[in-house]
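Visitor: Take this structure, written in structure tokens, and hold onto it; I'll ask about it next.
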Amino acid sequence: MQHQGSCLCGAVKYAVTGSFNAFYLCHCARCKKGTGTAHGANLFASNAQIDWLQGLEKVKRYQHLNTRHVKSFCTDCGSPLPTHDHDLNCVVVPAGSLDTDVPISPSAQIFVKSRAAWFNDIAHTHCFNGLPK
Ligand SMILES: [Zn+2]
Ligand SMILES: [Zn+2]
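For the sequence shown, the UniProt record's numbering gives the first residue as 1, with consecutive numbering after it.
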């Protein structure tokens, strides 16, 4: 199965060939810093392949010092992009970067001990289709 995605500015486009085995919402401190939001939302595909359709020269890989935490991003717009995790031998795809449908639901929330306190009660927040009126 092939999945396609891109970054916010559109410079980078990619295709991932493979099947997603897991979809984790990760509340760890590194994912919070690395996304700037409540949690990472990454799909994992074992033995999958990333093909960079355009903009490979804009893709920077960041490996956090002395950890296995790794992420790739567009050097123009900063959007998270897929990464090949060599330790796990799988491709990690930020769910929000996909342009094709995400074919599975989240498998689990992980590292919930680090969950942002402000994220605990969001079921009761007001919802608007656009900006609040
Ligand atoms: Zn970009
Ligand atoms: Zn994490």
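Every residue, glycine too, gets a C-beta built ideally from N, C-alpha and C.
The structure displayed is predicted, hence computed values, not measured ones.
Any chance you could list the residues with Cβ under 6 Å from a heavy atom of ligand 3, keeping chain order?
Guide: Among the ligands in the structure shown, ligand 3 does not appear; only ligand 1 and ligand 2 can be found there.
Visitor: List in chain order the residues whose CB is within less than 6 Å of at least one heavy atom of ligand 1.
Guide: Working through the chain, the matches are C7, L8, C9, A11, V12, C74, D76, C77, S79.
Visitor: Please decide whether V70 counts as near chain B, where near means a Cβ-Cβ distance under 8 Å.
Guide: Any reference to chain B falls outside this structure, which holds one protein chain only.
Visitor: Select from C9, L131, T100, R30 the residue whose C-alpha is nearest the C-alpha of H64.
Guide: H64 has its Cα closest to that of R30, out of C9, L131, T100, R30.
Visitor: Tell me whether the segment 101-112 and the segment 28-46 touch, counting them as touching only if at least three CB pairs, one residue from each stretch, are closer than 8 Å.
Guide: Because the criterion of three Cβ pairs below 8 Å is met, the segment 101-112 and the segment 28-46 touch.
Visitor: With DSSP collapsed to three states, give me the class of F73.
Guide: Strand.
Visitor: How big is the Cα-Cα spacing for residue 177 and I110?
Guide: Absent from the structure is residue 177, since the part of the chain shown begins at 1 and ends at 133.
Visitor: Taking the beta carbon of C7 as the centre, do at least 16 other beta carbons fall within 10 Å, making it buried, or is it exposed?
Guide: Classification for C7: buried.
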